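Okay, so the sequence shown: first residue is 75 according to our numbering, each after it adds one. Note that the Cβ used here is the ideal one computed from N, Cα and C, for glycine as well. Computed from a predicted structure; not experimentally measured. A quick write-up on the structure given underneath.
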Amino acid sequence: MTVTVSAALSDLRSFLHGLPGVDKVGVEARAAALATRSIKTSAKAEAIDLAIRMVDLTTLEGADTPGKVRALCAKARRPDPADPSCPPVAAICVYPAMARVAAAALAGSGVHLASVATAFPSGQAPLEVKLADTRDAVAAGADEIDMVISRGAFLAGDYTKVFDEIVAVKEACGGAHLKVILETGELGTYDNIRRASWLAMLAGADFIKTSTGKVAVNATLPITLVMLEAVRDFRERHGRIIGVKPAGGIKTTKDAVKYLVLINETVGDDWLSPDRFRFGASSLLNDLLMQRTKLTTGHYAGPDYFTLD
Numbered sequence: 075m076t077v078t079v080s081a082a083l084s085d086l087r088s089f090l091h092g093l094p095g096v097d098k099v100g101v102e103a104r105a106a107a108l109a110t111r112s113i114k115t116s117a118k119a120e121a122i123d124l125a126i127r128m129v130d131l132t133t134l135e136g137a138d139t140p141g142k143v144r145a146l147c148a149k150a151r152r153p154d155p156a157d158p159s160c161p162p163v164a165a166i167c168v169y170p171a172m173a174r175v176a177a178a179a180l181a182g183s184g185v186h187l188a189s190v191a192t193a194f195p196s197g198q199a200p201l202e203v204k205l206a207d208t209r210d211a212v213a214a215g216a217d218e219i220d221m222v223i224s225r226g227a228f229l230a231g232d233y234t235k236v237f238d239e240i241v242a243v244k245e246a247c248g249g250a251h252l253k254v255i256l257e258t259g260e261l262g263t264y265d266n267i268r269r270a271s272w273l274a275m276l277a278g279a280d281f282i283k284t285s286t287g288k289v290a291v292n293a294t295l296p297i298t299l300v301m302l303e304a305v306r307d308f309r310e311r312h313g314r315i316i317g318v319k320p321a322g323g324i325k326t327t328k329d330a331v332k333y334l335v336l337i338n339e340t341v342g343d344d345w346l347s348p349d350r351f352r353f354g355a356s357s358l359l360n361d362l363l364m365q366r367t368k369l370t371t372g373h374y375a376g377p378d379y380f381t382l383d
């Protein structure tokens with residue numbers, strides 16, 4: 075964090091509550107309008123391949139096994155075994171206990187390894203535990219860490235605690251990129267989502283992420299629009315580009331295209347890259363592959379053609 079930002083944060087509460095309020099009606103109306111946009115047939119194949127390259131293929135279940143993780147890594151490297159032109163996904167996302175297995179399975183592929191940490195999904199653990207969780211995941215081979223913020227502290231107005239925890243986790247990441255999960259479905263208002271986005275970015279996040287996928291409300295277009303506006307405004311003020319990752323509930327190619335339109339119309343081409351935008355998903359990839367097969371062969375593959383994740 076620069077000296078300029080430190081000075082601006084001498085009163086963190088005043089700074090965050092001084093951000094412009096979010097027009098709820100306006101945000102939801104704009105998101106709904108952009109969701110009606112379509113893309114030309116000639117551009118659809120390019121959009122599908124871009125969406126595939128943006129996927130963080132995820133398994134975060136108590137029943138995860140080494141075999142399941144290895145199979146998912148194989149799919150990440152070669153999503154369509156019958157078509158070598160199909161690009162790999164951006165990353166695999168797993169629990170820290172599975173990070174070493176995934177790292178071995180992904181070696182040499184160029185596919186990133188993300189691991190959730192910091193007492194995911196609740197974030198309800200002492201900072202020392204969160205930092206150990208992070209260091210263990212990095213030591214096991216993760217080059218991206220998806221951390222959860224302390225929503226209870228944020229909602230109680232203890233912004234400094236949340237800020238300091240992000241700074242500490244960022245340091246524990248070493249060279250790994252840090253995605254900060256806001257768990258937007260628990261923040262209550264668009265204003266809180268904007269404040270949490272700015273707090274995370276000022277504390278050093280490389281990405282801001284909507285959700286754990288473990289609560290009732292996960293990624294939505296209006297929520298992602300608020301976060302995209304935040305990263306746009308942050309770049310204008312501080313000159314640093316922060317990525318955005320919606321996660322949870324994005325299941326179809328139509329869903330993915332809506333997000334690509336949202337990116338293009340809100341922040342532009344600079345974010346139309348896996349380095350700047352990711353989809354946290356498990357079932358999305360199969361639908362993208364089915365639609366890709368339809369474009370290339372003229373007919374849909376059966377629902378059992380691709381592996382179920």
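Among the bridge pairs identified by DSSP, LEU252 is matched with ILE219. Our two residues, ASP157 and LEU363, have alpha carbons roughly 10 Å apart in a direct line.
About 7 Å separates the beta carbon of SER356 from that of THR133, a gap short enough to meet the 8 Å contact definition.
At a cut-off of 3 residues, the continuous stretches assigned as beta strand (DSSP E) that sit fully inside the stretch 136-169 are 165-168. By the criterion of a C-beta distance shorter than 6 Å, PRO320 is surrounded in its chain by THR284, ALA293 and THR298, once the five residues flanking it on both sides are discounted. Pairing ASP217 with ALA164 gives a Cβ-Cβ distance that is not under 8 Å. When the beta-carbon positions are compared, PRO195 and VAL236 stay at least 8 Å from each other. Here LYS98 is exposed: its Cβ has fewer than 16 other Cβ atoms, across all protein chains shown, within 10 Å. For the options GLU257, PRO348 and PRO155, the alpha carbon positioned closest to that of GLY322 is the one of GLU257.
If the five residues before and after ARG209 are omitted, its C-beta is found closer than 7 Å to the C-beta atoms of ALA246, all from its own chain and listed in chain order. In this chain, the alpha helix (DSSP H) harbouring VAL243 covers 233-247. The C-alpha of ASN266 lies about 27 Å from the C-alpha of SER347. According to the DSSP assignment, ALA211 belongs to the alpha helix (DSSP H) that extends over 201-213.
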